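In what follows, a structure is listed as structure tokens, so that the remarks can point back to it.
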Amino acid sequence: MDKLKIPELVCPAGSLPGLRAAIDGGADCVYLGLKNDTNARAFPGLGFDERQLADGVQYAHRAGRKVLMAINTYAHGDDLVRWTKAIDTAAT
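If you count the sequence shown from 1, you need to add 1274 to reach this note's numbering.
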């Protein structure tokens, strides 16, 4: 008999307080985006700057949880710098 697979609870985190609430509430994983146009949900008050991202990742990892970063918009023509930087930020 196959081993039972437990679903993973993946929650959005639009801000650092939202990330903490999701982790404290039992999320196995959170997903988030940066405060720039690489994030399709970059609305006022939402998204992470580099410092908030580092703090959030540290908070989640201390709790044994995962963090996913959405880079979910298209790069525009010759302006690939922000998307390249976002990918580099996610990788560190």
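Note that beta-carbon positions come from the ideal geometry of N, C-alpha and C, so glycine has one too. Quantities reported herein were computed from a predicted structural model and do not represent experimental measurements.
- Going by DSSP, P1291 is part of the alpha helix (DSSP H) stretching over 1290-1298.
- Within its own chain, the residues whose Cβ lies closer than 8 angstroms to the Cβ of D1329, once the five positions on either side in sequence are excluded, are L1290, listed in chain order.
- Contact between C1303 and V1331 is absent: CB atoms are separated by about 12 angstroms, not below the 8 angstroms threshold.
- A distance below 7 angstroms between beta-carbons, with the five flanking residues on each side excluded, links Q1326 to the following residues of its chain, in chain order: L1290.
- Here A1334 is not near I1361, since their CB atoms are 8 angstroms or more apart.
- When the beta-carbon positions are compared, T1347 and N1313 come within less than 8 angstroms of each other.
- Annotation for Y1333: the continuous alpha helix (DSSP H) segment containing it runs 1324-1336.
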